[in-house]
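Asker:
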Amino acid sequence: MAAGITVDFDAATQSLSALNAAAYRLVGTASCQIDKDGTRYVCRLTAIGQLESESLRTRYLELVTDENVREELRKKTDPIRNLILSLAFGSLAAKSASQESEDMP
Amino acid sequence: MARFLTADAFEAPEKRLELLPFRFERRAESYLVSNMVGDFISLDHDEFDRLKDLRLTPGDKLYEKAYATHLITHEGQHAQLQLLALRLRSRMAFLRQMTPLHLFVVTLRCEHSCPYCQVSRQSTDRSRYDMSEETAQRALKIALDCPSVRIKIEFQGGEPLLNFGLIEKIVLAAKAASSTSGKKLDFVIASNLALLTDEHLSFCKAHDVLLSTSLDGPADLHNKNRPRPGGNSHELAVNGIRRAQKILGADRVGALMTTTERSLERVEEIVDEYLRLGLDGIFLRPLSPYGFAVKTKQFHRYGAKRWLDFYARGLRYILAVNRAGHHFPEFYSALILRRMLTDRPIGYVDLRSPAGIGLGALVYNYDGRVFASDEGRMLAEMGDNTFELGGVDTASYSSLILSDKLIDLIASSLTQCAPECSDCVFESHCGADPVYHHATQHDPVGIKPLSEFCSRQKGVMGLLLNILDNEPENAAILRRWGGM
Numbered sequence: 001m002a003a004g005i006t007v008d009f010d011a012a013t014q015s016l017s018a019l020n021a022a023a024y025r026l027v028g029t030a031s032c033q034i035d036k037d038g039t040r041y042v043c044r045l046t047a048i049g050q051l052e053s054e055s056l057r058t059r060y061l062e063l064v065t066d067e068n069v070r071e072e073l074r075k076k077t078d079p080i081r082n083l084i085l086s087l088a089f090g091s092l093a094a095k096s097a098s099q100e101s102e103d104m105p
Numbered sequence: 106m107a108r109f110l111t112a113d114a115f116e117a118p119e120k121r122l123e124l125l126p127f128r129f130e131r132r133a134e135s136y137l138v139s140n141m142v143g144d145f146i147s148l149d150h151d152e153f154d155r156l157k158d159l160r161l162t163p164g165d166k167l168y169e170k171a172y173a174t175h176l177i178t179h180e181g182q183h184a185q186l187q188l189l190a191l192r193l194r195s196r197m198a199f200l201r202q203m204t205p206l207h208l209f210v211v212t213l214r215c216e217h218s219c220p221y222c223q224v225s226r227q228s229t230d231r232s233r234y235d236m237s238e239e240t241a242q243r244a245l246k247i248a249l250d251c252p253s254v255r256i257k258i259e260f261q262g263g264e265p266l267l268n269f270g271l272i273e274k275i276v277l278a279a280k281a282a283s284s285t286s287g288k289k290l291d292f293v294i295a296s297n298l299a300l301l302t303d304e305h306l307s308f309c310k311a312h313d314v315l316l317s318t319s320l321d322g323p324a325d326l327h328n329k330n331r332p333r334p335g336g337n338s339h340e341l342a343v344n345g346i347r348r349a350q351k352i353l354g355a356d357r358v359g360a361l362m363t364t365t366e367r368s369l370e371r372v373e374e375i376v377d378e379y380l381r382l383g384l385d386g387i388f389l390r391p392l393s394p395y396g397f398a399v400k401t402k403q404f405h406r407y408g409a410k411r412w413l414d415f416y417a418r419g420l421r422y423i424l425a426v427n428r429a430g431h432h433f434p435e436f437y438s439a440l441i442l443r444r445m446l447t448d449r450p451i452g453y454v455d456l457r458s459p460a461g462i463g464l465g466a467l468v469y470n471y472d473g474r475v476f477a478s479d480e481g482r483m484l485a486e487m488g489d490n491t492f493e494l495g496g497v498d499t500a501s502y503s504s505l506i507l508s509d510k511l512i513d514l515i516a517s518s519l520t521q522c523a524p525e526c527s528d529c530v531f532e533s534h535c536g537a538d539p540v541y542h543h544a545t546q547h548d549p550v551g552i553k554p555l556s557e558f559c560s561r562q563k564g565v566m567g568l569l570l571n572i573l574d575n576e577p578e579n580a581a582i583l584r585r586w587g588g589m
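Those protein sequence lines, which keep their order, are chains A and B.
Going by the numbering used here, the first residue of the first sequence is number 1, and it counts up by one from there.
Going by the numbering used here, the first residue of the second sequence is number 106, and it counts up by one from there.
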């Protein structure tokens, strides 16, 4: 029988978008229903294959941890990422590109 | 007496350390991390934590690793940002070559009856399934109107040699037009070679036309995969390859294999067959989810894992061939390696984002319909016209490329912002392939955790990275394939 577990998080410290992103990565492995119950997000996980409850819990917690890190990284690096993209493809890039040879390797 | 200053005197003024954008993937004992242009580094858990929290200082080794891989910078330091921008622009420069590939489906007729045929060939009715000269001329005008200075015109089928007269006319007309426009042209005929004659070869020789054929392996395997009257597809293909090598030159004919369930246990024999025929490499190609491959359920007979086992075993065998001194690349690996190890712009249509549909290739069907990719016309033969952009009778190059339909499909499938892809450690070296995901999931973006394309890509790149990191002799071979 497929494993079914519940994992809950404090809504004050855990973002919903990270929980959703982690749930997305489980598509095909487990289904995940996320509800808000008072001050907590409750994630009900049901394995699709033979994954055991504890493995599923560990996997989901790792995915949530990674998604939290990705959100944190995005906050810190988005401005610099946009700057690099504008240097590569924005008006500054257009100016220097027009001086480059049209030849492509 | 002169004295040396202390080390502190040579240190740059303290400037705040900043993170640069990076992607990561958790592994059992480590994290695989890639920077904005896809350079990889493996960090243990402690190193990863220190990196993300910026707990590193010059001299602690992690600082040097992170700095060299463009994961960190100092506030106000512009050179590193300029370098990343320059590399990113170089990698995406394939976008400046608009539609370099134009495929002409000169007929849908074919004398083979392959159960995995992805184009749903027809066997009868010449008038219905052959491209007319009028359609061909209109298609050629669209192709020549594209702004690229160099284009490749590829003749596809069915079996294109069944309408060779039209191929001759298109080649001659294209060359005549290019003599005034200055556009450079390459020509390829994708043929099973069963009907190849000396006249065909003479024309190809005179007009510098390349041949691309199908070879699935040894005779029994090839003939089972590719039935035709007489059961002699392999014999005719081999004969055609040898004659083409002799008359056109060894590098003027190439072959592609398709992996069927029967191939899975025979990769060494398949590679040996390519070596025996003096071919310059092999492309271990999985089946695609189009045409008869779906109708006859061939596509569903093996999944990504079984194909990856086949690929890994084949790659090991091919590396052994190379270690023995014979340069013989696996072409898909070579393509991925060029993306992983260099910043050269690789515009391979299935492996780029923005996707190669329309921007990388246009397909002129025998009936005058224009499609955004070869796979798009294969879907149309199954009744799905999602990737049909218009018809040669009314369309221009601009109307096709700027059509809302094409722009929507490309914009909606960008890996740079697609769920899971945008954070994938392999994103810089992967592609969108909206046609594949539309065909398998009815969604051009695709649900990547369920995508076999995604599983294969991650599997291939993971294996190549593992070899590059841990097997020096094989890594040297892979670097050569990657053009380093």
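Note that the Cβ used here is the ideal one computed from N, Cα and C, for glycine as well.
1. Taking the alpha carbon of GLY362/B as the reference point, which residue from ALA429/B, ALA324/B and LEU176/B has its own alpha carbon closest?
2. Around the C-beta of ASP103/A, are 16 or more other C-beta atoms found within 10 angstroms, so that it is buried, or is it exposed?
3. Are the CB atoms of ILE387/B and TYR395/B nearer to each other than 8 Å?
4. Where do the N-terminal and C-terminal ends of the beta strand (DSSP E) with ILE258/B fall, by residue?
5. In chain B, which residues lie less than 8 Å from PHE9/A when you measure between Cβ atoms?
6. Over the uninterrupted beta strand (DSSP E) stretch that includes ASP61/B, give me the two end residues.
7. Evaluate contact between the region 151 to 171 of chain B and the region 210 to 220 of chain B, counting only Cβ atoms and requiring at least three cross-stretch pairs below 8 Å.
8. Please list, in chain order, the chain A residues whose beta carbon lies closer than 7 Å to that of PHE528/B.
9. How many Å lie between VAL254/B and ASP385/B at the Cα?
10. Any beta carbon from chain B within less than 8 Å of ALA88/A's own beta carbon?
11. Scan the region 16 to 95 of chain A and note each continuous beta strand (DSSP E) run of 3 residues or more that stays entirely inside, going in chain order.
12. When you compare each of SER533/B, GLY452/B and HIS217/B to LEU206/B by their alpha carbons, which one comes out closest?
13. For PHE531/B, which option in GLY383/B, ALA580/B and ARG457/B has the closest C-alpha, if you only look at C-alpha atoms?
14. Please confirm if VAL64/A has its CB atom under 8 Å from at least one CB of chain B.
15. By a C-beta neighbour count over all protein chains shown, 10 Å radius and 16 as the cutoff for buried, is SER232/B buried or exposed?
16. So, under 8 Å CB-CB, LEU176/B and PHE127/B are touching, yes? Tell me the CB distance rounded to an integer number of Å.
17. So LYS289/B is in the beta strand (DSSP E); what residue range does that whole segment cover?
18. Reducing DSSP to helix, strand and coil, say where TYR469/B ends up.
19. Does PRO549/B come within less than 8 Å of chain A when only Cβ atoms are used?
20. So, ARG243/B versus VAL497/B, is the Cβ gap smaller than 8 Å?
21. Can you tell me the Cα-Cα spacing of ARG371/B and LYS329/B, whole angstroms?
22. For the beta strand (DSSP E) containing ASN140/B, list its first residue and its last residue.
23. Beta-carbon of GLY28/A versus every beta-carbon of chain B: anything under 8 Å?
24. Scan the region 543 to 570 of chain B for residues whose Cβ lies nearer than 7 Å to a Cβ of chain A and list them as they occur along the chain.
25. Is THR77/A close to chain B, meaning its C-beta is less than 8 Å from at least one C-beta of that chain?
26. Identify the continuous beta strand (DSSP E) that holds LEU494/B and give its terminal residues.
27. Going along the chain, which residues of its own chain have a beta-carbon closer than 7 Å to the beta-carbon of LEU442/B, five neighbours each way excluded?
28. Name, please, each residue of chain A whose Cβ falls closer than 8 Å to the Cβ of MET141/B.
29. Give the residues from the region 187 to 204 of chain B that approach chain A closer than 7 Å (Cβ to any Cβ), ordered along the chain.
30. Step through the CB atoms of chain B and report whether any lies within less than 8 Å of the CB of TYR60/A.
Answerer: Looking at the atomic coordinates:
1. The count along the second sequence starts at 1 and reaches residue 362/B at position 257. The question names Gly, but residue 362/B in the sequence shown is Met. When only C-alpha atoms are compared, the closest one is ALA324/B.
2. Within the first sequence, the letter at position 103 stands for residue 103/A. Note on ASP103/A: pLDDT 44, under 50, position unreliable in the model; the coordinate value appears next. So ASP103/A counts as exposed.
3. Taking the second sequence and counting its residues from 1, one reaches residue 387/B at position 282. Taking the second sequence and counting its residues from 1, one reaches residue 395/B at position 290. Cβ distance not < 8 Å, so ILE387/B and TYR395/B don't count as in contact.
4. Along the second sequence, read from residue 1 onward, the residue named residue 258/B stands at position 153. Where ILE258/B is concerned, the enclosing beta strand (DSSP E) stretches over 255 to 261.
5. What you label residue 9/A is simply residue 9 of the first sequence in a count that begins at 1. Here the premise fails: no neighbours, minimum Cβ distance about 19 Å.
6. With chain B represented from 106 up to 589, any question about residue 61/B goes unanswered, as that position is not in the structure.
7. No, because fewer than three Cβ pairs between the region 151 to 171 of chain B and the region 210 to 220 of chain B fall closer than 8 Å, the two stretches do not touch.
8. Locating residue 528/B in the second sequence gives position 423, where the first residue counts as 1. The displayed chain sequence assigns Asp, not Phe, to residue 528/B. By Cβ distance, chain A contributes ARG70.
9. Residue mapping note: residue 254/B aligns to position 149 of the second sequence, counting from 1. Residue mapping note: residue 385/B aligns to position 280 of the second sequence, counting from 1. Spanning the two alpha carbons is a distance of roughly 28 Å.
10. On the first sequence, position 88 is the one that residue 88/A refers to. Chain B, which has a Cβ nearer than 8 Å to the Cβ of ALA88/A, makes this yes.
11. Complete beta strand (DSSP E) runs here, min 3: 30 to 37 and 40 to 47.
12. As a working note, residue 206/B is residue 101 in the second sequence. With distances taken between Cα atoms, LEU206/B lies closest to GLY452/B.
13. Stepping through the second sequence from its first residue, residue 531/B is reached at position 426. Nearest C-alpha to PHE531/B: ARG457/B.
14. Sequence index remark: in the first sequence, residue 64/A carries index 64 (1-based). So, not an interface residue.
15. In the second sequence, the residue the question calls residue 232/B occupies position 127. The residue in question, SER232/B, is exposed, as its Cβ has fewer than 16 Cβ neighbours within 10 Å.
16. For the purposes of this step, residue 176/B is taken as the residue at position 71 of the second sequence. For the purposes of this step, residue 127/B is taken as the residue at position 22 of the second sequence. About 5 Å separates the two Cβ atoms, so the contact holds.
17. Looking up residue 289/B in the second sequence gives position 184. LYS289/B -> beta strand (DSSP E) spans 289 to 295.
18. The sequence position of residue 469/B within the second sequence is 364, counting from 1. Secondary structure at TYR469/B: strand, using DSSP grouped into helix, strand and coil.
19. Residue 549/B sits at position 444 when you count from the first residue of the second sequence. With respect to chain A, the C-beta atom of PRO549/B has no partner C-beta closer than 8 Å.
20. For the purposes of this step, residue 243/B is taken as residue 138 along the second sequence, with counting starting at 1. For the purposes of this step, residue 497/B is taken as residue 392 along the second sequence, with counting starting at 1. Yes, Cβ-Cβ distance for ARG243/B and VAL497/B is below 8 Å.
21. For the purposes of this step, residue 371/B is taken as residue 266 along the second sequence, with counting starting at 1. For the purposes of this step, residue 329/B is taken as residue 224 along the second sequence, with counting starting at 1. If you take the alpha carbons of ARG371/B and LYS329/B, they lie about 14 Å apart.
22. If you number the second sequence from 1, residue 140/B lands on position 35. First-last of the beta strand (DSSP E) with ASN140/B: 135 to 140.
23. Here residue 28/A refers to the residue found at position 28 of the first sequence. Interface residue, yes.
24. If the cut-off is 7 Å between Cβ atoms, the region 543 to 570 of chain B has ILE552, PRO554 and LEU555 near chain A.
25. The residue you call residue 77/A lines up with position 77 of the first sequence. Using a CB distance cut-off of 8 Å, THR77/A counts as an interface residue toward chain B.
26. Mapped onto the second sequence, residue 494/B falls at position 389. For LEU494/B, the enclosing beta strand (DSSP E) begins and ends at 493 to 496.
27. Here residue 442/B is taken as the residue at index 337 of the second sequence, counted from 1. Contacts found: LEU569, LEU583, TRP586 and GLY587.
28. In the second sequence, the residue the question calls residue 141/B occupies position 36. Residues of chain A passing the Cβ test: ARG81 and ILE84.
29. Across the region 187 to 204 of chain B, CB contacts with chain A closer than 7 Å involve GLN187, LEU189, ALA190, LEU193, ARG194, ALA198, ARG201 and GLN202, in sequence order along the chain.
30. Reading the first sequence from its first residue, position 60 is the one you call residue 60/A. Not an interface residue.
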